[in-house]
Amino acid sequence: MTTSTLSARRTDVRSWLPEYGVYLAVGLLVLYNVFFTPYFLTLSNLRIQLIQVAPIVIVALGMALVIGTEGIDLSVGSVMALAAALIPLYLGYGVVAAIGVSLAAGIAVGLINGVLVARVGLQPIVATLAVFVGGRGLAVVISDGQLKDIRNPELLYLGSGDLLGIPVLVWIAAVLVAIVAFVLRRTVFGRRLLAVGGNRRATELAGLPVKRVLITVYVVCAVLASIAGLLSVARIQSSDASAVGLLIELSAITAVVVGGTPLTGGKVRILGTVAGALLMQLVIATMIKHDLGPSTAEMAQAVIILVAVYVARERKTR
Amino acid sequence: MSATDTARSERTDRIVGVVQRQGAFAVLVTVVVFALAVFPDFRSLDNAGTILVAAAPPMLIALGMTFVILTGGIDLSVGSLYVLGGVLAAWASRYGLVAAVLVPLAVCATIGLVNGLLIAYTRMAPFIVTLAALLGARGLMRALSDEGSTTYVVQSDAFGTLGTGSLLGLGYQVWLAVVLVLIGMLVLARTGFGQSVYAIGGSEDASALMGVGVRRTKVWVYVLSGLLAGLAGAINAAKLGSGVTVLGAGMELDAIAAVVIGGTLLTGGAGSIAGTVAGVLLLGVIQNMINQVGDLNSNWQQVISGVFLAVVVVVQTVLDRLRRAS
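Chains as they are written, first to last, in this note's numbering: chain A, 1 to 318; chain B, 1 to 326.
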């Protein structure tokens, strides 16, 4: 073998690993579980895994878009809590009204975040921190700190029903993934979003509506979070504003980053994000199945995050 | 530009600068005066002591966070380190006072060191590195407490006294916080390390060109942050008499909020510890006021803190723009 093919091969691995490493990791972990974890391949287990990961995937989709603009959104968990708090209040007017109100809350929070970032010029982390701090408190105040049971059959269908043998929740997540991926790849908005993240100044000079794009991105992110919130309520069959979406901002950011989307913006990997969320979910599931507690899972997740980002960094500096 | 114009713009400049630097302090005074006027129970010395004791651990964490943010970084791991520090202190208290203090400090400083080394030498984003440390430290804490099911009770009376004792009517914790804050101010204002911290936050590349030890400074800043978070956890364990394994303490974001309210820019390079002190006390006073109103849901505290944060940062940003324009 000549030196040139050797070095070519090494470059291959270098560009290949950050791009597909997360799929490889998911694949290896699935293989390991198929062989070494009893009952892993059962339908009920696969269902549980997918149902558990679906809300994280939905939130992570929005987070990926925000991160693509070189932003971050810490408020997603609070938005989920707000949506959860509003549902029992408006369920009396029908499921459509309840869903409508919680989505409207998402739009409102997204507008606040977006305007603070795009027009006032706050750093995204600070802008969304305010809602993070205040939002969940507001949600708990709205719901009077009470855990409320949800009995509306239509809403419960979204959380625990089946369609063609697959949980509705998973369908919804899959459809949202497809929509977001399509918007990102095939629409003007998607191209503008990546342009803003790649170089905001240049995009502004090119005359593109940077502020509008930014505001839209934060609204989309918050709406996706409120969808995740109402689906979580539907799944758990009760609404607890102090618990819904707790720490999900970290899970979502982790999924995005592990999936290969750089925090520096300009590039978004939607399928990678889904794989990132699956990877983190599988790590927990694997550890628990083998009698290793969440402690080990968390430490393993920490290592995965560092490795993923380190590998991606190698490629950037090359 | 005429002479009067220049004079006027200089004056705007000065006023804006003062408001930016002392804004949190002014708001704090206003809120305290309001509380004194409205809540009779607020007016006791006991209550002031309560506020200060409660503010001591967040103060220590925010102190470390101020250094980190001044360099343009962020440390998301401090909440986990705070909880870990508390569990470690309670666990180690069976070996006496010294162990109860040193074990959490050593472990948390080591995690801070790992953060610092990764951030300084691999150029990975502080946000990500410390996010991983948040998970890792929480995992460690859970492993130590049998997945959160074991609560270690403080077994050293001497260590317990550290949390409950008082001197001149003020808890030891408050004295500790005061001393460390003063040291922090001195370090920032009078030492080469402090200058490096500001320089790196101002412009990392320029500092490197000027021969500032960028990497070394960064490493130390994260060690300091980890150390202070661990210490805060330890003194909290001493106060409560046990290492509480409450998950998702969220202290990191409270600390960031306090620092930001205190006028330190998240982009680094500008800010002060005095501002952070005001920020922490402001959040503490709001919480105390809400406790005074018996029938008010304590979750209002979060709402009001969030609103304060939003207003303060918006005002700061607008002022900053004014100054640049003038």
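From the three backbone atoms N, C-alpha and C, an ideal C-beta is built for every residue, glycine too. It should be emphasised that the depicted structure is a prediction, and the values quoted were computed from it without experimental measurement.
Only 118, 122, 123, 124, 125, 127, 128, 129, 131, 132, 133 from the stretch 110-133 of chain B bring a Cβ to less than 9 Å from some Cβ of chain A. Closer than 9 Å at the C-beta level to chain B, one finds these residues of the stretch 293-306 of chain A: 293, 294, 295, 296, 297, 298, 299, 300, 301, 302, 303, 304, 305, 306. Judged by pairs of C-beta atoms under 8 Å, the stretch 195-202 of chain B does not touch the stretch 44-55 of chain B, as fewer than three such pairs exist. Interface with chain B (9 Å Cβ-Cβ cutoff): residue 50 of chain A is excluded.
Counting C-beta atoms within 10 angstroms of its own C-beta, residue 144 of chain A has fewer than 16 neighbours from the protein chains shown and is therefore classed as exposed. Counting only the Cα atoms, residue 182 of chain B lies some 59 Å from residue 44 of chain A. Assignment of residue 156 of chain B by DSSP, reduced to helix, strand and coil, places it in the coil class.
In this chain, the alpha helix (DSSP H) harbouring residue 141 of chain B covers 126-144. Taking 4 residues as the shortest admissible run, the stretch 53-135 of chain A contains the following complete alpha helix (DSSP H) segments, listed from N- to C-terminal end: 76-90, 95-115.
Distance between residue 157 of chain A and residue 24 of chain B, taken at the CA atoms: about 49 Å. By the rule that beta-carbons nearer than 9 Å mark a contact, residue 309 of chain A touches chain B.
Taking C-beta atoms as the reference points, residue 62 of chain A and residue 222 of chain A count as a pair closer than 9 Å. Residue 53 of chain B: member of the alpha helix (DSSP H) spanning 45-70, first to last residue. Collapsing the DSSP output to three states places residue 226 of chain A in a helix.
At least one beta carbon of chain A lies nearer than 9 Å to the beta carbon of residue 141 of chain B. Scanning its chain for C-beta atoms nearer than 7 Å, with the 5 sequence neighbours on each side dropped, one finds around residue 87 of chain B the residues 141, 144, 145, 152, 243, 245, in chain order. Taking each of B:147, B:10, B:129, B:171 in turn and checking the Cα distance to residue 51 of chain B, the smallest one comes out for B:171.
Using a C-beta cut-off of 8 Å, the stretch 86-100 of chain A makes no contact with the stretch 284-295 of chain A, since fewer than three inter-stretch Cβ pairs fall below that distance. Residue ranges of uninterrupted alpha helix (DSSP H) with 4 or more members, entirely inside the stretch 236-317 of chain B and ordered along the chain, are 251-261, 273-292. The distance from the Cβ of residue 267 of chain A to that of residue 37 of chain A is about 34 Å, inconsistent with a contact at the 8 Å cut-off. A residue is called buried when at least 16 other Cβ atoms come within 10 angstroms of its Cβ; residue 96 of chain A does not meet this threshold and is exposed. Across the set A:28, A:208, A:189, A:240, the C-alpha of A:240 shows the shortest separation from the C-alpha of residue 84 of chain A. Residue 203 of chain B carries a coil assignment under DSSP once its states are collapsed to helix, strand and coil. Apart from sequence neighbours up to five positions away, the residues of its chain that approach residue 135 of chain B with a beta-carbon distance below 8 Å are 80, ordered along the chain.
Excluding five sequence positions before and after residue 178 of chain B, none of the CB atoms of its chain fall closer than 8 Å to its own CB.
As DSSP reads the structure, residue 15 of chain A sits in no beta bridge.
Residues of chain A whose Cβ lies closer than 8 Å to the Cβ of residue 200 of chain B do not exist, since the nearest Cβ in that chain is about 18 Å away.
For residue 200 of chain A, no chain B residue has a C-beta closer than 8 Å to its own C-beta; the minimum C-beta separation is roughly 15 Å.
The beta-bridge partner set that DSSP reports for residue 148 of chain A consists of A:239. Ranking A:121, A:273, A:263 by CA distance to the CA of residue 53 of chain A puts A:273 first. Annotation: the continuous alpha helix (DSSP H) that includes residue 194 of chain A extends over 188-198. Sequence-ordered contacts of the stretch 126-144 of chain A with chain B read 126, 127, 129, 130, 131, 132, 133, 134, 135, 136, 137, 138, 140, 141, 144 [C-beta pairs closer than 8 Å]. Taking 7 Å as the Cβ-Cβ cut-off, the stretch 40-62 of chain B has no residue approaching chain A. With its beta carbon at least 9 Å from every one in chain A, residue 204 of chain B lies outside the interface.
With its beta carbon at least 9 Å from every one in chain A, residue 288 of chain B lies outside the interface. Taking a cut-off of 8 Å on C-beta distances, the stretch 145-164 of chain A does not touch the stretch 252-265 of chain A, as fewer than three cross pairs fall below it.
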